[in-house]
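Visitor: Numbering (mature numbering (1 follows the signal peptide of the UniProt record, and there is no 0)), first residue to last: -25 to -1, 1 to 164. Ideal Cβ positions, reconstructed from N, Cα and C, are used throughout, including at glycine. It should be emphasised that the depicted structure is a prediction, and the values quoted were computed from it without experimental measurement. Can you read through this structure? Questions will come right after.
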């Protein structure tokens, strides 16, 4: 439990450390939306992917144009989380917080119209949550068929691919892949 608490606490600090205006992930923020939850998460996922590729905090901060002081603090805090808890645990915390952020928005506003801009981000949040839950199940060696039985038939191929990737290339590769899928979804591709 200590592991989960320290990762979650660090993630909460990340979210509170400098997210401004409508990009704040605080549950009290009136401007919170599926879009802000999604974009913030995509930024963190990209940072984690760059860390995995070997960039250090100073390199990343130097290459980000117009990075604010709070933004720099968020990057450094994320690097520290990876150093303290590892990349996989930090990816997990980011994905878990994304699901919580989206759930808070849903509780406050309900489901948006599917054809709206916010509906697009709502869809991406749901897809990412499903992928994350499947990856957690695969990582915990859950029975693949038991997991598939709980999913709509239309998601069996995706779930199977996540299981296969996690088993063949590892959990980190699977987190990287679901991060890419989130960014593809957000960008509408």
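Give the DSSP-derived three-state secondary structure of residue 100 in the structure shown.
Guide: Helix, per DSSP.
Visitor: Give me the Cα-Cα distance between residue 26 and residue 149, rounded to the nearest whole angstrom.
Guide: Taking the straight line joining both Cα atoms gives about 16 Å.
Visitor: Alpha carbon to alpha carbon, how far is residue 132 from residue 124? Give it in angstroms, no decimals.
Guide: Roughly 12 Å separates the two Cα atoms.
Visitor: Going by CA-CA distance only, name the one from 105, 30, 44 that's closest to residue 54.
Guide: For residue 54, the nearest C-alpha among the options comes from 30.
Visitor: Please state whether the Cβ-Cβ distance between residue 107 and residue 70 is less than 8 Å.
Guide: The answer is yes: Cβ separation under 8 Å.
Visitor: Counting only the same chain and skipping the five closest in sequence on each side, list residues whose C-beta sits under 6 Å from that of residue 109.
Guide: 134, 137, listed in sequence order.
Visitor: Rank 23, 90, 46 by C-alpha distance to the C-alpha of residue 163 and give the top, closest one.
Guide: Among 23, 90, 46, the Cα nearest to that of residue 163 is on 90.
Visitor: What runs of the alpha helix (DSSP H), each 4 residues or longer, lie entirely inside the segment 34 to 88?
Guide: Fully enclosed alpha helix (DSSP H) runs of 4 or longer: 44 to 60, 62 to 84.
Visitor: Quick check: what's the CA-CA separation for residue 34 versus residue 128?
Guide: Computed Cα separation, rounded: 44 Å.
Visitor: What is the rounded straight-line gap between the Cα of residue 16 and the Cα of residue 64?
Guide: About 15 Å.
Visitor: Using CA coordinates, which residue listed in 83, 93, 75, 113 is at the minimum distance from residue 144?
Guide: Closest by alpha carbon: 113.
Visitor: Using CA coordinates, which residue listed in 84, 116, 152 is at the minimum distance from residue 8?
Guide: For residue 8, the nearest C-alpha among the options comes from 84.
Visitor: If residue 36 and residue 50 are in contact, beta carbons under 8 Å, what's the gap, nearest whole angstrom?
Guide: Yes, residue 36 and residue 50 are in contact; Cβ-Cβ is about 6 Å, under 8 Å.
Visitor: Return helix, strand or coil for residue 139, following the three-state DSSP convention.
Guide: Helix at residue 139.
Visitor: Within 10 angstroms of the Cβ of residue 23, are there 16 or more other Cβ atoms? Answer buried if so, exposed if not.
Guide: Residue 23 is buried by the Cβ-count criterion.
Visitor: On the criterion of 16 or more Cβ atoms from any shown chain inside 10 Å, does residue 115 qualify as buried, or is it exposed?
Guide: Residue 115 should be labelled exposed.
Visitor: On the DSSP letters alone, give me the boundaries of the alpha helix (DSSP H) that residue 28 sits inside.
Guide: Taken as a continuous stretch (DSSP letters only), residue 28 belongs to no alpha helix (DSSP H), as it is neither H nor E.
Visitor: Considering Cα atoms alone, identify which of 47, 18, 154 is closest to residue 103.
Guide: Comparing Cα-Cα distances from residue 103 to each of 47, 18, 154, the minimum goes to 154.
Visitor: Using a 10 Å radius around the Cβ and a threshold of 16 neighbouring Cβ atoms, would you call residue 43 buried or exposed?
Guide: Exposed: under 16 other Cβ atoms inside 10 Å.
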